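2 protein chains.
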Amino acid sequence: MAFPTPGKPVRGSRSGQPIMALFDLLGRSWAMGIIWHLSAGPGTFRALQEYCETISPTTLNKRIKELIQARMVTKTLEGYALTETGEELFKMLFPLGKWAKDWAQNLKENK
Amino acid sequence: MAFPTPGKPVRGSRSGQPIMALFDLLGRSWAMGIIWHLSAGPGTFRALQEYCETISPTTLNKRIKELIQARMVTKTLEGYALTETGEELFKMLFPLGKWAKDWAQNLKENK
DNA sequence: AGCTTTGCTACACTAAATGTAGTGAAAGAT
DNA sequence: ATCTTTCACTACATTTAGTGTAGCAAAGCT
Numbered sequence: 001m002a003f004p005t006p007g008k009p010v011r012g013s014r015s016g017q018p019i020m021a022l023f024d025l026l027g028r029s030w031a032m033g034i035i036w037h038l039s040a041g042p043g044t045f046r047a048l049q050e051y052c053e054t055i056s057p058t059t060l061n062k063r064i065k066e067l068i069q070a071r072m073v074t075k076t077l078e079g080y081a082l083t084e085t086g087e088e089l090f091k092m093l094f095p096l097g098k099w100a101k102d103w104a105q106n107l108k109e110n111k
Numbered sequence: 112m113a114f115p116t117p118g119k120p121v122r123g124s125r126s127g128q129p130i131m132a133l134f135d136l137l138g139r140s141w142a143m144g145i146i147w148h149l150s151a152g153p154g155t156f157r158a159l160q161e162y163c164e165t166i167s168p169t170t171l172n173k174r175i176k177e178l179i180q181a182r183m184v185t186k187t188l189e190g191y192a193l194t195e196t197g198e199e200l201f202k203m204l205f206p207l208g209k210w211a212k213d214w215a216q217n218l219k220e221n222k
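Heads up: the sequence lines are chains A and B, in that order.
Number 40 in my numbering belongs to position 40 of the first sequence; there are no gaps in the numbering.
Going from the second sequence to my numbering is simple: count from 1 and add 111.
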């Protein structure tokens with residue numbers, strides 16, 4: 001399966017705008033979770049599988065291949081790891097961790 | 112369909128950690144695209160449908176309901192709009208726009 | 001009254017993800 | 001050397017998510 005390539009139509013957009021290709025890529029199940037996990041250091045297929053709990057090996061394998069094609073992940077001797085591009089992306093995703101907690105708290109209080 | 116609720120098991124994670132609920136929510140097709148579009152100002156159902164090009168009304172309707180439940184979107188007189196929470200989220204997503212362009216450029220150059 | 005726009009719903013079809021099982025290769029123990 | 005584990009997947013049947021086309025009721029305009 002092809003990964004969402006900027007400049008080409010992607011799932012959800014014919015325009016091929018980079019941001020839409022990125023949203024398509026990150027929007028696939030567990031893509032952000034994988035990046036989140038690898039930000040803590042390289043991990044094996046099994047480690048990712050365990051971390052992701054409910055991911056099927058089929059999907060994990062697809063997702064890894066897509067992230068490699070997108071140059072966000074590489075295979076190293078210690079397992080899969082973020083590339084420099086992947087690290088950059090993680091740095092932008094990072095604030096979401098803290099924010100998500102506040103969001104969760106707020107939802108809880110005002111339900 | 113339920114929206115990913117922090118504290119409960121979500122698609123892709125049984126832990127219910129807020130970040131995972133958020134990733135599940137944003138990871139559904141077009142969720143980030145909708146937020147991205149609404150950041151420019153309120154929009155009607157039809158406007159969103161046009162912007163999203165390939166979204167089906169079925170999915171758009173589901174996504175809107177989920178985002179409303181998650182307190183990121185509300186219905187106003189001028190159409191659907193981001194809540195304050197939604198705006199906050201957008202501000203964190205915003206840098207991705209610029210970054211996506213560089214990423215696309217880089218992919219193009221080194222293929 | 002008739003025409004348009006809006007915000008949907010219905011439904012059949014396709015694509016994506018899951019869950020369980022199993023396979024081939026490499027490393028470690030006996 | 002063979003036996004067992006561990007690892008990185010692949011196969012495949014089932015379930016869930018998303019698409020695409022059609023259409024409908026309510027509101028606004030003329």
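C-beta atoms are modelled at their ideal positions from N, C-alpha and C, and glycine is treated no differently.
Since the structure is predicted, the reported quantities are computational estimates derived from the model, not experimental observations.
Asked, Found
"8 Å is my cut-off, CB to CB: does glycine 43 of chain A come that close to chain B?", "no"
"Beta-carbon separation of tyrosine 191 of chain B and leucine 171 of chain B under 8 Å?", "no"
"Let me see if you follow: with CB-CB separation under 8 Å, is lysine 65 of chain A close to chain B or not?", "no"
"Give the residues of chain B in contact with proline 4 of chain A, contact being defined as C-beta atoms less than 9 Å apart.", "In chain order: nothing, as chain B lies at least about 11 Å away."
"Can you say whether glutamate 113 of chain A is buried or exposed, counting buried as having 16 or more other CB atoms within 10 angstroms of its CB?", "With chain A covering only 1 through 111, there is no way to say anything about residue 113 of chain A."
"Can you tell me the Cα-Cα spacing of alanine 21 of chain A and alanine 70 of chain A, whole angstroms?", "10 Å"
"Please classify glutamate 66 of chain A as buried or exposed, where buried requires at least 16 neighbouring CB atoms within 10 angstroms.", "buried"
"Checking contacts by CB at 8 Å: is glycine 140 of chain B closer than that to chain A?", "A small fix is needed here, since residue 140 of chain B is serine in this sequence, not glycine. Chain A, which has a Cβ nearer than 8 Å to the Cβ of serine 140 of chain B, makes this yes."
"Determine, for arginine 46 of chain A, whether the minimum Cβ-Cβ distance to residues of chain B falls below 8 Å.", "no"
"What residues from chain B crowd round leucine 107 of chain A, counting only those whose CB sits closer than 7 Å?", "Pro117, Arg182"
"Under 8 Å between the Cβ atoms of methionine 92 of chain A and leucine 149 of chain B?", "no"
"Is there at least one Cβ from chain B nearer than 8 Å to leucine 96 of chain A's Cβ?", "yes"
"Consult DSSP for lysine 8 of chain A and reduce its assignment to one of helix, strand or coil.", "coil"
"If you run the structure through DSSP and keep just helix, strand and coil, what is alanine 132 of chain B?", "helix"
"Would you kindly check if the distance between the Cβ of phenylalanine 114 of chain B and the Cβ of leucine 137 of chain B is under 8 Å?", "no"
"Suppose contacts are defined by Cβ-Cβ distances below 8 Å. Is phenylalanine 205 of chain B in contact with isoleucine 146 of chain B by that definition?", "no"
"What residue range is occupied by the uninterrupted alpha helix (DSSP H) comprising lysine 176 of chain B?", "168-180"
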